[in-house]
Amino acid sequence: MTPSHDRLLIIDFGSQVTQLIARRLRELNVYCEIHPYQNVTDAFLKEFAPKAVIFSGGPASVIDEGSPRPPKSVFDLGVPILGICYGQQVMMHCLGGLVETGHGTAEFGRAFVTPKNDLPLLDGWFEQGDEQVWMSHGDHVSKIAPGFDVYGTSPNAPYAITADTDRKFFAVQFHPEVHHTPKGAKLYENFVRLAGFGGDWTMGAYREKMIAAIKKQVGDKKVICGLSGGVDSSVAAILLHEAIGENLTCVFVDHGLLRKNEAQDVVSMFREHYNLQLIHADESDLFLGELEGQSDPETKRKIIGKLFIDVFQKYADKVEGAEYLAQGTLYPDVIESVSFSGGPSVTIKSHHNVGGLPEKMGLKLVEPLRELFKDEVRELGRELGLPESFIGRHPFPGPGLAIRCPGEITRAKLDILREADAIYIDQIRKHGLYDEIWQAFVAILPVRTVGVMGDGRTYDYACALRAVTSVDGMTADYYPFDHDFLGETATRIINEVPGINRVTYDITSKPPGTIEWE
Ligand code: XMP
């Protein structure tokens with residue numbers, strides 16, 4: 172489908188922070204896509220028809236033979252171009268400037284840029300004197316290309332900001348997309364304004380566009396969607412439902428490893444509130460039966476993963492005439508990564524949970540969220556009327572409580588765990604801490620300890636409370652609850668949950684720990 176919105180192309184030369192450029196632009200309601208430089212051919216440019224182009228940074232040196240280049244035709248498109256770091260150097264190199272290495276001009280980290288001349292790209296900059304920027308370069312531009320002038324310098328980058336204002340080509344040595352360039356967002360704002368973007372990328376517009384696109388792709392065919400109760404699959408399901416109504420069937424696999432009331436909450440919300448066709452595949456007996464006696468973490472995960480696929484397929488087969496499988500794949504899952512090692516260089520992450528299923532079942536894919544980042548999915552969820560309690564939920568892993576029950580899983584342990592977890596989350600919500608925490612849960616430990624309650628001896632399970640802060644789940648720190656909160660929560664759990672007589676708090680960060688216990 173031809174897009175109705177203006178598009179900006181980010182040519183990726185392999186920087187670690189290219190995704191941040193896209194974030195900054197999306198925040199400005201500008202639609203952009205990241206494409207590795209290898210894929211950006213003349214034909215691609217013609218087809219994509221960008222309204223502006225950004226060259227990302229990258230680890231290579233333009234001096235090296237075979238280092239990445241944009242296609243020459245990009246400079247003839249007649250659209251504004253912004254080159255960042257390696258992008259600046261490659262732009263200079265291609266347009267007749269000179270890039271050199273050495274001479275002690277490398278800069279890593281904080282630097283300050285001094286203005287030279289006024290430039291609309293820098294509106295709002297230099298109001299309080301020099302601007303802080305973040306540099307990370309070994310090479311440097313030693314001669315700027317014809318047509319360019321200098322607009323800012325730093326101690327080790329005499330050409331920190333250069334521009335050819337006639338052609339609207341801009342080149343900066345620093346990284347405006349990172350947090351440590353405080354006015355970086357303003358620079359992007361100015362760039363897209365100069366390029367004439369109208370800021371037409373809103374969730375309302377996306378919703379309309381996607382509904383039309385789904386209708387066009389799927390027609391009157393049937394679609395199956397796996398629903399986990401998480402934000403991504405919930406938003407994908409509601410969007411599809413708006414587009415194709417009864418032709419959508421969702422399958423919710425209940426593996427018996429969900430939290431207290433979770434299955435009921437998900438089923439009632441989607442059936443009653445959204446009137447969506449939902450198969451509640453209650454297969455807890457199957458999963459818990461296969462897991463019986465298993466205590467090795469990897470074995471447990473493998474059993475669950477395999478059964479999940481089998482069960483999903485079994486129910487999906489019952490949906491007669493289904494031709495499509497919907498997945499809540501997000502943009503970060505589809506961005507192709509740039510490799511400099513040669514050979515086939517792109518890897519695309521496939522979505523977990525239903526990985527491999529479309530091919531196995533001969534289904535085509537519908538991925539209505541593949542242009543979105545996680546926070547955009549949340550915004551779309553709000554737009555679609557999903558309750559805030561669903562949108563702001565902590566992540567919950569596919570294998571569920573199995574990985575919060577180290578050692579052998581039994582129904583009795585799961586019941587105890589569910590009760591303790593519900594109290595812990597209730598405490599966190601009551602104290603207004605839920606949104607400050609990335610993820611919080613209880614793990615039931617495979618150990619029983621002696622206690623005393625009333626006049627009697629107890630011999631019950633110990634549990635661990637876990638709460639972490641994180642931005643992406645890759646690294647995490649434990650949440651610094653105050654002792655009153657911990658004491659009150661421990662007392663509630665021990666008083667209200669038969670089977671637990673000891674509560675501990677896990678203060679391990681990630682690394683060296685992981686967020687989950689298994
Ligand atoms: P770890 O424990 O590796 O977890 O620090 C990082 C994040 O990933 C979640 N997680 C999973 N999510 N399937 C999922 O969908 C899984 O198998 C899985 N294992 C861990 C975990 O909850 C945390 O948010």
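Straight run, no breaks: the sequence shown in this note's numbering ends on number 689. All C-beta atoms in this analysis are idealised placements derived from N, C-alpha and C, irrespective of residue type, glycine included.
Buried or exposed (CB count within 10 angstroms, at least 16 for buried), residue i
i	result
M263	buried
I678	exposed
E302	buried
P682	exposed
N672	buried
V509	Summary for V509: the model assigns pLDDT 45, below 50, so the residue's position carries little reliability, and this model does not support an answer.
M381	buried
Q187	exposed
H412	buried
E491	exposed
P515	A caution first: P515 carries a pLDDT of 30, below 50, which makes its placement in the model too unreliable to give a value.
Q344	buried
S404	buried
V642	exposed
K520	Because K520 sits at a pLDDT of 30, beneath the cut-off of 50, its placement in the model cannot be relied upon, and the point is left open.
P326	exposed
R549	buried
A383	exposed
N361	buried
P669	exposed
T352	buried
Where residue i sits in the DSSP three-state scheme
i	result
F423	strand
D391	coil
I580	coil
G370	coil
E507	Note on E507: pLDDT 48, under 50, position unreliable in the model; no value is reported.
L253	strand
F362	helix
P515	Any reading at P515 must be qualified, since the residue scores a pLDDT of 30, below 50, and its modelled position is unreliable; no value is offered.
V188	coil
S521	With a pLDDT of only 33 at S521, under 50, the local geometry of the prediction cannot be trusted, and the value read off the model is given with reservation. Three-state result, S521: coil.
I234	coil
T676	The question names Thr, but residue 676 in the sequence shown is Tyr. It is a strand residue.
R197	helix
L501	coil
T640	strand
W688	coil
V343	strand
Y630	strand
E696	Missing from the structure shown is residue 696; the chain here goes from 172 to 689 and no further.
L216	helix
Y650	coil
D177	coil
E379	helix
Minimum C-alpha distance to residue i - residue among the options
i	options	result
E579	D597, D546, V548 and P617	P617
R194	R281, V211, R442 and D546	D546
L253	G280, V270, P221 and E236	P221
W296	L358, E461, D597 and K339	L358
F479	G571, R553, I409 and F341	G571
L428	A647, Y502, A573 and G267	A573
G375	G556, P251 and L534	G556
T675	Y630, D655, I385 and V613	V613
T640	W609, L447 and K354	W609
D586	R564, Y630, E667 and R628	E667
G249	K473, D335 and L543	D335
A342	T352, H602 and V321	V321
V304	H311, F283 and G323	F283
M645	S455, D294 and P566	P566
G708	H206, D177 and L199	Nothing in the structure corresponds to residue 708, since the chain is present only between 172 and 689.
Y377	A356, L398, A407 and A366	A407
V211	A487, I332 and S244	S244
I192	A331, G355 and C265	G355
D456	P230, K531 and T581	T581
Residue range of the unbroken beta strand (DSSP E) whose run includes residue i
i	result
C203	Y202 to P207
S325	D320 to S325
A223	A223 to F226
L534	Careful: L534 lies outside any beta strand (DSSP E) and carries neither H nor E.
Segment limits, alpha helix (DSSP H) that includes residue i
i	result
T620	No alpha helix (DSSP H) contains T620, which is instead part of the beta strand (DSSP E) from Q610 to M624.
P329	No alpha helix (DSSP H) holds P329; the beta strand (DSSP E) holding it covers A328 to D335.
I409	V402 to I415
A573	Note, A573: premise wrong, no alpha helix (DSSP H); not H, not E.
H311	Unbroken run through H311 is the beta strand (DSSP E), H311 to K314; no alpha helix (DSSP H).
K681	That residue, K681, is in no alpha helix (DSSP H); it is neither H nor E in DSSP.
In chain order, which continuous runs of the alpha helix (DSSP H) of length 4 or greater are located wholly inside the region 417-478?
If we require 4 residues or more, the alpha helix (DSSP H) runs fully inside the region 417-478 come out as 433-439 and 455-462.
I'd like the ranges of any beta strand (DSSP E) spanning at least 3 consecutive residues and lying wholly in the region 241-307.
With a minimum length of 3 residues, the continuous beta strand (DSSP E) runs that stay inside the region 241-307 are 252-255, 269-271 and 278-286.
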